[in-house]
Structure formats: structure tokens, C-alpha cells
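Structure first, then comments.
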Amino acid sequence: MSTSQLEMLTDLARDSRDHAGKVLAQERQTEQQTTAQLQSLLSYRAEYAERLQKAMRDGIDPATMYNYQQFLASLDTALSRARQALAAQQASVQQSQKNWQQEQRKLSSYDTLASRRLLEEHRRSERHEQKTNDDLVTSRLARQHNDTPH
Numbered sequence: 001m002s003t004s005q006l007e008m009l010t011d012l013a014r015d016s017r018d019h020a021g022k023v024l025a026q027e028r029q030t031e032q033q034t035t036a037q038l039q040s041l042l043s044y045r046a047e048y049a050e051r052l053q054k055a056m057r058d059g060i061d062p063a064t065m066y067n068y069q070q071f072l073a074s075l076d077t078a079l080s081r082a083r084q085a086l087a088a089q090q091a092s093v094q095q096s097q098k099n100w101q102q103e104q105r106k107l108s109s110y111d112t113l114a115s116r117r118l119l120e121e122h123r124r125s126e127r128h129e130q131k132t133n134d135d136l137v138t139s140r141l142a143r144q145h146n147d148t149p150h
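When we follow the UniProt record's numbering, the leftmost residue of the sequence shown carries the number 1, and every step to the right adds one.
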């Protein structure tokens, strides 16, 4: 694999990792919004149940009692759906996290490969330079040896 191919693969892996990071951030934001909605519903239900308790202490007619109970039942249904939505969103966050980690590992693998390749090129260059220096010293010594009278 050529250096330019490795650079291209590294760039593609970086782009994929960055995209996975953006998706993960969006999933987490949606999770926070879903959590906030659930909390709002829970607060509203508690407040409404408290109103019912107060109305019952103060005296309440059967029709109003029925309306309170029906509304609380509809809030309970909405809470159930909100909890399911939150569970599904949390699963999406986990999947996005795994995907981001996978993309990060891929990028790290390419970075490691590029580092090894660079290190090998550096070693090769050092060996070549050392061989060139050795050849120069050897030829200089040979000339000196040939130039000295016997």
C-alpha cells in the first residue's frame, strides 16, 4: 500500500469517525430532550395528583372525580410512552457510542500503520546515510593507503 493510499484511508477513517461523533452528539442531545420531557410529565402528573388529593379533601362531585381520574390515566399512558421512548433513545446512544468507538479504532489502526511506516522509512534513511558515510570513509582510507609510498 502506497503512502498516498494510506493517507487517503486515514482521511476517510477520520471523516467517518468525525461523522460518527456528530451522530453520537445528536443522539445524546435527543436523549437529554427526551429525559427532560419525561421529567416534565412526571412533575405535571404529581402536581395533578396533588390537585386531586386537595379536591378530595375539600369535597368533589363524582363527575369531576371521574375527569381527574381519566386525565391521570391519560398522563400515565403518556408517561409509559415517554419511558419507552427514553429507553429506545438510550439504546440509540449506546449503538452510536459503539459505532464511534469502532471508527476511532479504525483510525487509530491507520495512524499506527502510518507511524510504523514513517519509522521504517527513517531507519532506512539512517542506514542508507550510514552506508554512504562508511563508503566515503572506506574510499578515503583506500586513497590514503594508495597515495602513501611503500
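The C-beta atom is built at its ideal place from N, Cα and C for all residues, glycine as well.
Cβ neighbours of V23 within its own chain (closer than 6 Å, five residues either side excluded): S96.
By the Cβ-count criterion, L136 is exposed, with fewer than 16 other Cβ atoms from all chains shown falling within 10 Å of its own Cβ. In this structure, the beta-carbon distance from R124 to L6 does not fall below 8 Å. Using a C-beta cut-off of 8 Å, the stretch 45-53 makes no contact with the stretch 87-107, since fewer than three inter-stretch Cβ pairs fall below that distance. S2: not part of any alpha helix (DSSP H); DSSP gives it neither H nor E. L38 places its beta carbon less than 8 Å from that of R83.
In this structure, DSSP gives P149 a state outside helix and strand, which the three-state scheme calls coil.
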